[in-house]
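Per my numbering, residue 8 is the first one in the sequence shown, and the count goes up by one each step. What follows is a short report on a single structure.
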Amino acid sequence: MDSSPPAPDGDMYEDDLSDQLTHARILVSDAEAGILIGRAGSAIVDIKSTSGALVKISRRGQLLPGTDCRVLLISGPFHQVMDAADLVFRKVIYQGAVTLVVPDACCGGLIGKGGSVIKTLAVSSRTKIEISHYNESYGLHDRLVTVRGHVNNQLQAIYLILSELMKDTVYSSCSAGPVFLGCAKDYVPDEHVERYPYMVKPSKTIRSPNNNNAQQYLTIAIADEHIGAVIGRAGKNIRWIQQSTGAWIRTSAKGEFINATGEFINATGDREVLVSGTREAINAAEGMIMHVLSAVRSGGGDKLPLLLDTTPQQ
């Protein structure tokens, strides 16, 4: 007699959170990525069209730092994310365990006082849920949440975990657009960085209903000795960040600052970087800049963070 739990049906995700936007990042091996992508991208296109969710997989060789795995990103309304996860699990049976990538800043609420929240989620889904130690950093200040159990229980655990994470404003604010593997809000400026966010009214602005597409600006003050790493040789890093995120970036010359209208003014002190574009583009660009600065400060060079790519690959 089969004692495994019944497979989830299409109505199990219909609740108050159903239409709330969210995302999930799941570790996948090269072999699993190949199955999910399919020949000429046919499988991943099918998952997208069937679920309605946005589904991306990092390129071959672009692994989450600290692991030997690529990253599967699923984003959209909660019910679409779960429908896509269900389809993923039908194609790839995670033998015993599946691992989510979660910003470190969100793990405290997921664990709960004395581990109360994570224990409740594990009992409710009949799985074992483990969160990597806070001293172990993966990607851009991320931690790994590993779920062990029957495949249907794993899916139920993911549903419960995402439901809990969606209560966290930090998790909800993470961009799921032209995204690197992490959340821009994970970064806390150090003594070399000062952040001055503000919004101005350009002469021509096209606004979406939720204001996400309004033109916005962010000025970042950076120590002069570190500006070179952000710019890159012959401007290579700045160009890459602009192309990858869709943001427009302008840097001040030595001894110059940028005012709220984007004009350079003479001053003394740190150099400034003006980032403009949609909120989504600015968040992504800011995260990449902070990643470069963190790497330089720790002696790791100016390597840019991994970006997710939607191009079909094997």
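Cβ coordinates follow ideal geometry from the N, Cα and C atoms, glycine included.
Contact between Ile-296 and Ile-234 is ruled out by a C-beta separation of about 10 Å, above the 8 Å threshold. In the structure shown, Ser-36 falls within a coil segment according to DSSP collapsed to helix, strand and coil. Between the alpha carbons of Val-95 and Lys-55 lies a gap of roughly 10 Å. Residue environment analysis places Ser-123 among the exposed positions, since fewer than 16 neighbouring C-beta atoms fall within 10 angstroms of its C-beta. Residues of the same chain with a CB within less than 7 Å of the CB of Ala-92, apart from the 5 flanking positions on each side, are Ala-31, Ile-81, Leu-162 and Ile-165 in chain order. Per DSSP, the continuous alpha helix (DSSP H) segment holding Gly-116 begins and ends at 111-118. Taking 8 Å as the cut-off, the beta carbon of Arg-155 is found closer than this to the beta carbon of Gly-103.
Around the beta carbon of Ile-100, a 10 Å sphere encloses fewer than 16 other beta carbons of the protein chains shown; the residue is thus reported as exposed. For Val-124, the enclosing alpha helix (DSSP H) starts and ends at 123-132. The three-state reading of DSSP puts Gly-284 in strand, counting E and B together. In this structure the stretch 276-294 touches the stretch 226-244; the number of beta carbon pairs closer than 8 Å is three or more.
In this structure Ile-64 touches Val-35 by the C-beta definition: roughly 7 Å separates them, less than 8 Å.
The Cβ atoms of Val-88 and Leu-151 lie no closer than 8 Å to each other. Following the DSSP letters along the chain, one finds Lys-135 inside the beta strand (DSSP E) bounded by residues 135-138.
Residue nearest to Phe-85 within the set Leu-61, Arg-67, Thr-74 and Gly-73 is Leu-61 (criterion: CA-CA distance).
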